[in-house]
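Asks: Number 43 in the UniProt record's numbering belongs to position 43 of the sequence shown; there are no gaps in the numbering.
Positions of the beta carbon are idealized from the N, C-alpha and C atoms, including for glycine.
For clarity, every value in this text was computed on a predicted model and none was experimentally measured.
Input: one structure, supplied below.
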Amino acid sequence: MFRQVHRRLTLLCAGITILVLIFMACSYLYISEKNLKENSFASFRNDMNTLLSNLENQTVITHEWLSKLEGGGKYIISIHDNDKDFLWGQQDGGGSRKAALEAGWAYYQENAETFPMPLAFTITHQEFRFSSAGQGQDDYFGCIALSSRNTGKLTILILESLAPLQEQIKAQRHTFFMLVAFSSLVLILFAYFFTGRLLIPLQKSRDSQIQFVAAASHELRTPLSVILSAASACQKASPAEQESFFHTIENEGAAMSRLISDLLMLAGADSHSFPLRPEECEPDTLLLNTFEAFEPLAHEKGFRLSVRLPEEKTAPIRCDSERIRQVLSIFLHNAFSFCPKGSSITLSMKQQEKLTSFCVMDNGPGIPDEEKPHLFDRFYRSDTSRQSAGHFGLGLSIAKEIMDAHHGGIFVSDTPGGGTTFTITVKSPAAGNGASNLKRHGRRGS
Numbered sequence: 001m002f003r004q005v006h007r008r009l010t011l012l013c014a015g016i017t018i019l020v021l022i023f024m025a026c027s028y029l030y031i032s033e034k035n036l037k038e039n040s041f042a043s044f045r046n047d048m049n050t051l052l053s054n055l056e057n058q059t060v061i062t063h064e065w066l067s068k069l070e071g072g073g074k075y076i077i078s079i080h081d082n083d084k085d086f087l088w089g090q091q092d093g094g095g096s097r098k099a100a101l102e103a104g105w106a107y108y109q110e111n112a113e114t115f116p117m118p119l120a121f122t123i124t125h126q127e128f129r130f131s132s133a134g135q136g137q138d139d140y141f142g143c144i145a146l147s148s149r150n151t152g153k154l155t156i157l158i159l160e161s162l163a164p165l166q167e168q169i170k171a172q173r174h175t176f177f178m179l180v181a182f183s184s185l186v187l188i189l190f191a192y193f194f195t196g197r198l199l200i201p202l203q204k205s206r207d208s209q210i211q212f213v214a215a216a217s218h219e220l221r222t223p224l225s226v227i228l229s230a231a232s233a234c235q236k237a238s239p240a241e242q243e244s245f246f247h248t249i250e251n252e253g254a255a256m257s258r259l260i261s262d263l264l265m266l267a268g269a270d271s272h273s274f275p276l277r278p279e280e281c282e283p284d285t286l287l288l289n290t291f292e293a294f295e296p297l298a299h300e301k302g303f304r305l306s307v308r309l310p311e312e313k314t315a316p317i318r319c320d321s322e323r324i325r326q327v328l329s330i331f332l333h334n335a336f337s338f339c340p341k342g343s344s345i346t347l348s349m350k351q352q353e354k355l356t357s358f359c360v361m362d363n364g365p366g367i368p369d370e371e372k373p374h375l376f377d378r379f380y381r382s383d384t385s386r387q388s389a390g391h392f393g394l395g396l397s398i399a400k401e402i403m404d405a406h407h408g409g410i411f412v413s414d415t416p417g418g419g420t421t422f423t424i425t426v427k428s429p430a431a432g433n434g435a436s437n438l439k440r441h442g443r444r445g446s
C-alpha cells in the first residue's frame, strides 16, 4: 500500500513542480524571444536610418557602393528606377535571394498606399516584417525607401534575413529544453526521496498500530479462552466445583477489565485527549501517601518498603497528583512482580531549582541494557516478565504517556549495587511559565 502511495505522492509532487517549472520556462522564453525580435527590428531600423541618410547625401548610386553594402551578406538590395529594375552585379544571385526580393516587392505592391510619398530631393522609408514564403512566421525584415530626384522616382528595397535570429532562438529553446529536462529529473528524484522520508513516520505508525492490535487481540484471547472454558466446565461440574470455576471467571474478567481500561487510556493518549486535572500539591505528602498505600501489600508479599524524604522543606508542584501516584504504583507493582521476596524497595524524592524528581529503587535482578530502550514500548515484556500473570506489557507505556502529558520525563537506570531505578521528573514552580511548553520524552537507559 505504501509503495503505491509513495509512487502517487512522487508523481503528484514532481508533476506539480515540473508544471510550474515548464510554465515559468515557457513564459521566460516567450518574453525573451519577443524582446529579441523587437530589439533586432529596432536595430534594423537604426541601420536603415544610418544607411539611407548617407544615401540621401549622394547624388549618384554606383555599382561599387551597392556591391560593398551587400558584400557582407547581411543585406539584400534591389532598386527600381522609375519602376524599372536597376541592374547591377549582385542581381544574379541564387534562387532564395530572388524569391525573397519577389516577396518583398509583392508586399510593397499590396501595401503601397501605406508608404509615405517623399518630398523633392528627400528620402522616406518604412520598415516592415514579412514572410518570403507567403505564410508562416516572418523570416525577413524589409525596408522600402522612396526617393524623389531630378531623374524621377527611385524605389529601394532592402532586406535582412532573420535566419541568424531564428538560429539564436532555436539554440535558446534547445538550451531551455535541456535545462527543464535535467531539472525535471532532479525534481523527480528529490520528490521520490522526500516523499519517502515523509512516509517513514506513517509506516512506523501503521506498523505499530498493527502490532498493537495483534498484541491486544492476543492478550484478550487468553482470559477470554479461560472464561469460556470455565463456563463450559461449570455446566458439568458439581456445585462445589462450580465455585472454583466462578472464582476463575471472576479473576479473568477482572484481568480483562484492567486490560481494556489500559487500552482505552492509551487510545486517549493517541488522540491527544489524555485526561489530566492539574492542581498544586505537596510532593512529600504525595510520596508519603503512596508509601502508606503500598506498605501493607509490601509486607504481605515479603518486601522491605521504605521512603526517603529530603530534610529541607519542599515547595509545592503543579500536577495531577492521582496520575503521578498511578505512575509510582506502576513502578511498585513491577518491583513486587519481578523482584525476589525479601528485596528492598525504596521510594525517594529530590527537589531542585527547576525539577522535582521521584524515584522507585529496588535491588532485584535488574534489567539488561539491551532491553532498556524498549521498556516503554506497548506490550513489551521481557522473557522473565512473560511468566507473570496479570501483566500485559502496558504499565510502563501508560506511565510514559502520563509523564508526556505532564511535559515531564521518565527514566530507567541501574541501582548501585544491583537492581533497577525508575525516575520521573515534574517541572517545579521555579522553572516559570516559559518552560511550560517543554515536552521531554523519556530517556531510556542509563
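#1: Is it buried or exposed, F23, if we count other Cβ atoms within 10 angstroms and call 16 or more buried?
#2: Between the Cα of G417 and the Cα atoms of T423, P365, V426, which residue gives the shortest distance?
#3: With the cut-off set at 8 angstroms, would you say T290 and M361 are in Cβ contact?
#4: Enumerated in chain order, which unbroken segments of the alpha helix (DSSP H) with a length of 4 residues or greater are wholly contained in the segment 3-30?
#5: Beta carbon of L276, beta carbon of I330: below 8 angstroms?
#6: Taking 8 angstroms as the threshold (C-beta atoms), are V180 and A14 in contact?
#7: Cutting at 8 angstroms between CB atoms, please list the residues of its own chain near L29, excluding the five before and the five after it.
#8: Helix, strand or coil: how does DSSP classify A237 here?
#9: Roughly how many angstroms lie between the CA atoms of S258 and K350, to the nearest whole one?
#10: Where does R197 fall in DSSP's three states?
#11: Cβ atoms of D284 and L305: under 8 angstroms apart, would you say?
#12: When we look at the beta-carbon of I16 and count the other beta-carbons within 10 Å, is it buried (16 or more) or exposed?
#13: Which same chain residues end up closer than 6 angstroms to T10 when comparing Cβ atoms and leaving out the 5 residues on each side of it in sequence?
#14: Hey, would you say the C-beta of Y192 is under 7 angstroms away from at least one heavy atom of the ligand GTP?
#15: Restricting to Cα atoms, I'd like to know which of I76, I188, V213 is closest to L162.
#16: Out of A133, L165, L220, point me to the one whose CA is closest to L36's CA.
#17: If you reduce the DSSP assignment to three classes, tell me which class F44 lands in.
#18: Am I right that A99 and L159 are in contact with their C-beta atoms under 8 angstroms? What's the rounded C-beta distance?
#19: Would you grab the beta carbon distance between F130 and A112 for me? Rounded to a whole angstrom, and I think it's under 8 angstroms.
#20: Could you check how far apart the C-beta atoms of I227 and I200 are, in whole angstroms? I think they sit under 8 angstroms.
#21: How should K427 be labelled, buried or exposed, when 16 other C-beta atoms within 10 angstroms of its C-beta is the threshold for buried?
#22: Run through DSSP, which three-state label would G342 get?
#23: Do L263 and F294 count as a contact pair if the criterion is CB distance below 8 angstroms?
#24: Counting C-beta neighbours from all protein chains within 10 Å, is the total for T346 16 or more, i.e. buried, or is it exposed?
#25: Just the C-alpha distance for residue 450 and L154, rounded to the nearest angstrom, thanks.
#26: Looking at I169: is its Cβ nearer than 8 angstroms to the Cβ of E56?
#27: Based on the DSSP secondary-structure assignment, which residues constitute the bridge partners of L286?
#28: Distance, Cα to Cα, residue 451 vs N251?
#29: Is the beta carbon of S148 less than 8 angstroms from the beta carbon of T122?
#30: Compute the Euclidean distance between the alpha carbons of S43 and N54, then round it to the nearest angstrom.
#31: Is the beta carbon of P316 sitting closer than 8 angstroms to the one on E280?
#32: Exposed or buried, R3, counting other C-beta atoms within 10 Å across all chains shown (16 or more means buried)?
#33: Is it true that the CB of T314 sits closer than 8 angstroms to the CB of E282?
Replies: To lay it out plainly:
#1: F23 comes out exposed.
#2: In this structure, P365 is the residue among T423, P365, V426 with its C-alpha nearest to the C-alpha of G417.
#3: The criterion of a C-beta distance shorter than 8 angstroms is not satisfied by T290 and M361.
#4: Residue ranges of uninterrupted alpha helix (DSSP H) with 4 or more members are absent from the segment 3-30; none lies entirely inside it.
#5: No.
#6: In this structure, A14 keeps its C-beta atom at 8 angstroms or more from the C-beta atom of V180.
#7: Cβ within range, chain order: Q172, R173, F176.
#8: In this structure, A237 counts as coil in the three-state DSSP scheme.
#9: For the sequence presented, residue 258 should be read as Arg rather than Ser. The alpha-carbon of R258 is positioned some 32 angstroms away from that of K350.
#10: Reduced to three states, the DSSP call for R197 is helix.
#11: Result no, Cβ atoms of L305 and D284 do not sit closer than 8 angstroms.
#12: Around the beta carbon of I16, fewer than 16 other beta carbons lie within 10 angstroms, which makes this residue exposed.
#13: Result list for T10: A191, Y192, T195, in chain order.
#14: Because no ligand of any kind appears in the structure shown, any question about the ligand GTP cannot be addressed here.
#15: Out of I76, I188, V213, the CA that lies nearest to the CA of L162 is found in I76.
#16: For L36, the nearest C-alpha among the options comes from L165.
#17: When secondary structure is reduced to three states using DSSP, F44 falls in the helix class.
#18: Taking the Cβ atoms as the reference, A99 lies roughly 11 angstroms from L159, outside the contact range of under 8 angstroms.
#19: Rounded, the Cβ-Cβ distance is 14 angstroms, inconsistent with contact.
#20: I227 to I200, Cβ: 41 angstroms. No contact.
#21: Buried.
#22: Residue state, collapsed to three classes: coil.
#23: For F294 and L263, no; Cβs fall outside 8 angstroms.
#24: Label assigned to T346: buried.
#25: With the chain covering only 1 through 446, there is no way to say anything about residue 450.
#26: Taking C-beta atoms as the reference points, I169 and E56 fail to come closer than 8 angstroms.
#27: Looking at the DSSP output, L286 shares a beta bridge with no other residue.
#28: The first residue shown for the chain is 1 and the last is 446, placing residue 451 beyond what the model contains.
#29: In this structure, T122 lies closer than 8 angstroms to S148 by Cβ.
#30: Taking the straight line from one Cα to the other gives about 17 angstroms.
#31: Against a cut-off of 8 angstroms, the Cβ pair of E280 and P316 comes out as a contact.
#32: Classification of R3: exposed, given that the 10 Å Cβ count is below 16.
#33: Cβ distance < 8 angstroms, so E282 and T314 count as in contact.
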